[in-house]
Amino acid sequence: MSGHSKWSKVKHKKAIEDKKKGKIFSKLARLISIAAKEGGGKPEMNTNLKMAIDKAKSFNMPQDNIERAIKKGTGEIEGAILEELLLEAFGPGGVSILIQAVTDNKNRSLSEIKKIIENFRGKMASGSVIWKFKKKGVISFKFDKKEKEELELLAIEEGAEDIKEKENILEIYIKPEKFEDLKKKLEEKKIDIESSSIEFLPKEEIETDEETKNKLETLFNSLDENEDVQEIYSDLKT
141 MSGHSKWSKV KHKKAIEDKK KGKIFSKLAR LISIAAKEGG GKPEMNTNLK
191 MAIDKAKSFN MPQDNIERAI KKGTGEIEGA ILEELLLEAF GPGGVSILIQ
241 AVTDNKNRSL SEIKKIIENF RGKMASGSVI WKFKKKGVIS FKFDKKEKEE
291 LELLAIEEGA EDIKEKENIL EIYIKPEKFE DLKKKLEEKK IDIESSSIEF
341 LPKEEIETDE ETKNKLETLF NSLDENEDVQ EIYSDLKT
């Protein structure tokens, strides 16, 4: 029986992992489709699509899934009509939250996200949160100490506005319109980029107590469980 019990746990764990992977792939497919819908199906001519595909590949999403998502976006194969949402909210402790979503039913998404926010004693907002954030390109990669100065100079020459070092990781912050050029320069130098994205960064961060941080973490996890939610940003100081 112990063997059977152990196998049951393994199967249960695998089912959870498969379900989680399926949800991630579903979200990534929507991101690819909306990018293809808005800018065309050629990644070399559509920066947003290239970023979405790169993100999908970082999660080992199969190429067939990627190609199908592109074709749905361009209308080559039938698929739901998708639209992008950027929602504003206040969470516990007055923390400002931005939620990026891709949905085939705007009213349903708004209702579900609003319910999650209100379950944590937060509230939706309109126009009072977005101004607290700025849009930036963020590129992260491991670096060799011997190359650090050269890479920093390259980033500055390409327009980097800030460079942060975390252990052996460099994080470069740059204006969105210069993001792709810097990424190409780094790739030409055979730099293995760990992550690259356009993000909403808070202009100022706010501190809260541990209890509020825990509530916010649970709230963010609940939002992330929603199939339509793509990214969550806040001005919480971590």
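Everything in the sequence shown is counted per this note's numbering, starting at 141 for the first residue and increasing by one.
Using N, Cα and C, we set each Cβ at its ideal position, and we do this for glycine too.
These figures come from a predicted structure and were not determined experimentally.
Excluding the five sequence neighbours on either side, which residues of its own chain have a C-beta within less than 7 Å of the C-beta of residue i, listed in chain order?
i    : result
I372 : I237, I239, F360, L363 and D364
F283 : L291, N308 and L310
G179 : N186, N188 and L189
K197 : none
K274 : L341 and K343
F199 : I164 and L168
Excluding five sequence neighbours on each side, which residues of the same chain lie with their C-beta closer than 6 Å to the C-beta of residue i?
i    : result
M201 : F165 and L168
Taking the alpha-carbon positions, what's the residue i to residue j distance?
i    : j    : result
S148 : I296 : Bear in mind that a pLDDT of 39 at S148, under 50, signals an unreliable position, so the model cannot answer this.
E350 : S374 : 16 Å
G162 : I206 : 13 Å
N247 : E223 : 12 Å
G233 : V269 : 14 Å
T243 : K286 : 46 Å
K241 : K195 : Note that residue 241 is Ala in the sequence shown here, rather than Lys. In a straight line, the C-alpha of A241 is about 16 Å away from that of K195.
F281 : A192 : 18 Å
I257 : F230 : 8 Å
K255 : D204 : 35 Å
With 16 other CB atoms within 10 Å as the buried threshold, where does residue i fall?
i    : result
A220 : exposed
N366 : buried
F340 : buried
S266 : exposed
T358 : exposed
E305 : exposed
L356 : buried
S336 : buried
R261 : exposed
Which residues in the same chain as residue i place their Cβ atom closer than 8 Å to its Cβ, once the five residues preceding and following it in sequence are excluded?
i    : result
K325 : L294 and E298
Q.
Suppose only complete runs of 4+ residues qualify. What are the alpha helix (DSSP H) ranges in the region 309-343, listed by chain order?
A. Counting only runs of 4 or more, we get 316-328.
Q | Contained alpha helix (DSSP H) runs [length at least 4] in the region 167-239, N- to C-terminal order | A | Fully contained in the region 167-239 are the following alpha helix (DSSP H) runs of length 4 or more, in chain order: 187-198 and 203-214.
Q. So does the region 317-325 actually touch the region 341-353, counting three or more Cβ pairs closer than 8 Å?
A. No contact exists between the region 317-325 and the region 341-353.
Q) At which residue ranges does the region 256-302 contain complete alpha helix (DSSP H) runs of 4 or more residues, listed in the order of the chain? A) You should have 288-297.
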